[in-house]
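The sequence shown begins at 1 in our numbering and counts up by one. Contents: one structure, followed by commentary.
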Amino acid sequence: MNHSSMTPATKLLDELCLLTSQSLISMETAEHFQVLKLLGEGSYGRVMLAVHKQRGTPMALKFFPRESTSMLTFLREYNLSLSFCSHPSLTRALGIAYSTPSHYVFAQQASLCGDLYDVIVPEVGMEEDSCQRVVSQLCGALSHLHSLGFVHRDLKPENVFLCDTACRWVKLGDFGMVKPSGTRVPEVWYSSPYCPPEAEVARGNVDSWTSGGKAKERPERVWVPVEPCTDSWALGILTYAMLTGSHPWSETSSDCRSYLKYKEWIESVRRPEAAPVAPQFSGFTALACTYFQNLLDPRPERRGKPQDMLAFLGAEWVREAERERLDQERRKSSVNIRSKDLQETREH
């Protein structure tokens, strides 16, 4: 990264990592914490719900295996969460970091109601009011990070944590992929709608992965600067998932028919004779379609910023007929879940 383009926050993060590397203590988790249960796990390691033995304070302990995590990677995530996540919709570290013989560990705020993935009903989604509440909070969280010069790069339902089941308070977390804006990184394409279209230049590289088949090796990586518009794309896909319980396309690629149909529609919007609305967006109001066109513009330089999306909140996004259909499906889903719970109770 060009040091002249670094913000005061990104410079301070580097300084904090250096300082904390010199003062990181070693201890055993059981000395100070009672570990209660697993909250989540992934490629980074695992998150456990724990209680501080002396204070009785509940918190989440994030464990990073030392054999697969560099100290710098660990310290960057810890210091970012501790010093730069003051926004109420960002998960904040609690000032406790240490190492064990097998792991690096830091404590962070615990969100006890699961994550967004848990409340998105497949093929149905969630209530529109709840969706707009989440969007409002995520716009604030992303805008805060972007204003400091950081890009999240991993916005998805599993990384949005719930402080209550009605989504009145959510927190964006998991900062392992965060990079300063402008940092040059190898472009990676992956088979997912969350992958933005500009990443397709790297499709088939050894750094990329697909839903099937063997990646074709290319001798040179494609290096690109990290840009905030990556988060805008992910916000658009996440909003669609919240409203419908599905994705607008299976992967963002030039051979995915549903994505190409969308691209044809959005490219025609500025022409006198616009193409019909892409089928997967026909259930949305004109306002919502404009919202999606802003965030999901195939041209990254024209993508809307999260803070600009706040103007779309407060009005209806789903057409009446589609809302009635989704409400009916939601009621069916609720009945099925209750019936299943009752059956399991009787069996036990």
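Don't be surprised by glycine CBs; every beta carbon is placed ideally from N, CA and C.
- DSSP, read as helix, strand or coil, puts ALA110 in coil.
- In this structure TYR291 is buried. Its beta-carbon is surrounded by 16 or more other beta-carbon atoms within 10 angstroms.
- Counted as a single uninterrupted DSSP element, the beta strand (DSSP E) harbouring LEU162 occupies residues 160 to 162.
- Of TRP265, ASP174, GLN137, the smallest CA-CA separation from THR73 is found for ASP174.
- Taken in chain order, the whole beta strand (DSSP E) runs of length 3 or more contained in the region 36 to 103 are 45 to 52, 58 to 65, 93 to 99.
- Cβ atoms of ARG76 and CYS17 come within 8 angstroms of each other, at about 6 angstroms.
- Contact between the region 228 to 243 and the region 290 to 309 is present: three or more C-beta pairs spanning the two stretches fall below 8 angstroms.
- Assignment of ILE25 by DSSP, reduced to helix, strand and coil, places it in the strand class.
- The beta-carbon separation of TYR194 and LYS156, rounded to 6 angstroms, stays under the 8 angstroms limit for a contact.
- Between the alpha carbons of ARG303 and TYR262 lies a gap of roughly 15 angstroms.
- Under DSSP, GLY125 takes part in a beta bridge, and its partners are VAL121.
- Counting of Cβ neighbours within 10 angstroms places GLN108 among the buried residues, the total reaching 16 or more.
- A residue is called buried when at least 16 other Cβ atoms come within 10 angstroms of its Cβ; ALA288 meets this threshold and is buried.
- With a threshold of 16 other beta carbon atoms within 10 Å, THR57 falls short and is exposed.
- For the alpha helix (DSSP H) assignment, the uninterrupted runs of no fewer than 4 residues enclosed by the region 220 to 308 are, from N- to C-terminal side, 229 to 244, 257 to 268, 286 to 295.
- Secondary structure of LYS156 (DSSP, three-state): coil.
- The region 121 to 137 makes contact with the region 238 to 253; the number of CB pairs closer than 8 angstroms reaches 3 or more.
- Contact check for SER268 against ALA278 fails: the beta carbons are separated by 7 angstroms or more.
- For a cut-off of 8 angstroms, the C-beta gap from GLY182 to PRO225 is around 5 angstroms, short enough to register as a contact.
- Minimum Cα-Cα distance from ASP118 among the listed residues PRO300, CYS167, GLN328, PRO197 corresponds to CYS167.
- Distance from the Cα of PRO101 is smallest, within the candidate group LEU116, ARG46, ASN79, PHE64, for PHE64.
- Look at VAL151 here: in three-state DSSP terms it is strand.
- Under DSSP, ARG323 shares a beta bridge with no residue.
- The C-alpha of ASP308 lies about 25 angstroms from the C-alpha of LEU80.
- Following the DSSP letters along the chain, one finds LEU172 inside the beta strand (DSSP E) bounded by residues 170 to 172.
- Contact between THR7 and GLY149 holds, with the beta-carbon distance rounding to 3 angstroms and staying under 8 angstroms.
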